[in-house]
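Q: Handing you a structure now.
Residue numbers (full-length UniProt numbering): 1 to 357.
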């Protein structure tokens with residue numbers, strides 16, 4: 001059974017999974033707009049408060065140190081699809097340098113290899129430039145790096161289509177045989193780690209528009225997913241932000257959810273510091289490295305602002321980059337947006353924010 005998080009980690013959204021830091025549910029946040037220009041049928045179907053469905057979208061750091069009991073905890077949560085955003089070069093480097101970071105699979109879940117940056121993007125020169133972006137003293141460096149992540153994950157030259165693959169899973173229409181429990185729900189979406197064709201299989205047409213309540217809805221219309229990179233902060237943070245924005249979560253709350261990584265990564269700070277200080281471009285720059293492993297709200301707020309400046313809205317960004325079609329965005333919202341029957345269902349994000357530095 002999933003045990004309580006460490007005393008300084010708020011639950012919800014954190015869940016302690018043995019050997020897997022920074023694990024949390026990205027659901028439970030209030031919808032504060034009409035689903036960011038969501039379909040009028042969804043927005044007008046109910047006057048109730050709404051939130052992002054819990055128990056579907058999980059995020060964490062890399063799982064190489066996951067224990068047997070941790071595996072059992074993830075199975076209990078019904079997680080059957082795991083999306084690994086790291087490159088093969090990054091994984092190999094972590095193993096060579098003694099950090100672990102090996103790819104990990106366990107019974108009941110499929111690892112989908114969907115690297116944001118392809119191997120050629122990890123040349124020493126490219127890595128040094130990317131690291132300097134993250135170490136910038138202002139949010140500008142992070143915003144630049146996060147826009148690079150968005151482009152790399154969406155580019156036609158990335159045959160793994162990482163963001164498209166994840167979003168398409170979350171936007172898949174529930175199977176007619178879907179059970180009311182997360183552990184037996186099935187999906188018709190196909191993902192793969194070896195070809196781009198399987199990542200772009202057309203999805204079934206969306207079901208009729210509807211809203212559901214958290215109390216009465218099936219536990220998950222699509223199988224729950226775990227998204228991770230190395231720290232579960234940057235690449236993971238960008239794709240989770242896209243999902244929350246598409247659902248209609250306010251920017252300030254999205255940035256708060258990202259900011260929680262400041263708490264979730266505390267137990268890995270020393271390890272990440274050693275790894276990054278080992279890079280020649282960062283040698284001796286402890287202040288820069290500390291900024292790199294941080295997750296300040298301004299970084300995500302700046303990224304969302306720049307997306308809107310360039311594309312008009314997050315939805316238009318997703319459409320123009322070919323990550324989802326309009327009917328898929330509508331289906332994603334039907335899958336992930338539920339009515340709030342009791343205020344206690346919501347993540348107390350304002351209270352949790354007081355725990356952050």
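Glycine is no exception: its CB is placed at the ideal position from the N, C-alpha and C atoms.
Helix, strand or coil for residue 326, going by three-state DSSP, please let me know.
A: Here residue 326 sits in helix by DSSP.
Q: Going by the CB atoms, is the gap between residue 19 and residue 414 shorter than 9 Å?
A: Given that the chain is displayed from residue 1 to residue 357, the structure contains no residue 414 and the question cannot be resolved.
Q: Rounded to whole angstroms, what is the Cα-Cα separation between residue 150 and residue 72?
A: Those two C-alpha atoms are separated by around 33 Å.
Q: Just verifying my parser: in three-state terms, what is the DSSP assignment at residue 112?
A: Correct three-state label for residue 112: strand.
Q: When the distance is taken between beta carbons, is residue 89 closer than 9 Å to residue 158?
A: No. Outside cutoff.
Q: Is the number of C-beta pairs between the stretch 161-172 and the stretch 332-341 that are closer than 8 Å three or more?
A: Yes, they touch.
Q: Quick one: give me the first and last residue of the beta strand (DSSP E) that residue 151 is part of.
A: Unbroken run through residue 151 is the alpha helix (DSSP H), 139-154; no beta strand (DSSP E).
Q: Short of 8 Å in beta carbon distance, which residues of its chain neighbour residue 357, apart from the five on each side in sequence? Order them along the chain.
A: Correct list, in chain order: 262.
Q: So, for residue 75: in the same chain, excluding its five sequence neighbours on each side, which residues have a beta-carbon less than 7 Å away from its beta-carbon?
A: Here the set comprises 108.
Q: Can you round the beta-carbon distance between residue 355 and residue 8 to whole angstroms, since I take them to be within the 8 Å contact cut?
A: Indeed, because the Cβ distance is near 7 Å, the residues count as touching under 8 Å.
Q: Is it buried or exposed, residue 284, if we count other Cβ atoms within 10 angstroms and call 16 or more buried?
A: Exposed is the call here.
Q: Going straight from the alpha carbon of residue 143 to that of residue 342, what length do you get?
A: Distance between the alpha carbons of residue 143 and residue 342 is about 36 Å.
Q: How many whole angstroms separate the CB atoms of residue 145 and residue 251, which I take to be in contact at a CB cut-off of 8 Å?
A: The Cβ separation is near 18 Å, so there is no contact.
Q: In terms of DSSP beta bridges, what is residue 337 paired with?
A: According to DSSP, which records beta bridges pairwise, residue 337 is partnered with 52.
Q: Report yes if the C-beta distance between residue 229 and residue 97 is below 9 Å; otherwise report no.
A: Not closer than 9 Å, so no.
Q: Identify whether residue 169 lies in helix, strand or coil by the three-state DSSP scheme.
A: In this structure, residue 169 counts as helix in the three-state DSSP scheme.
Q: I'd like the span of the beta strand (DSSP E) that includes residue 57, first residue to last.
A: Residue 57 -> beta strand (DSSP E) spans 57-60.
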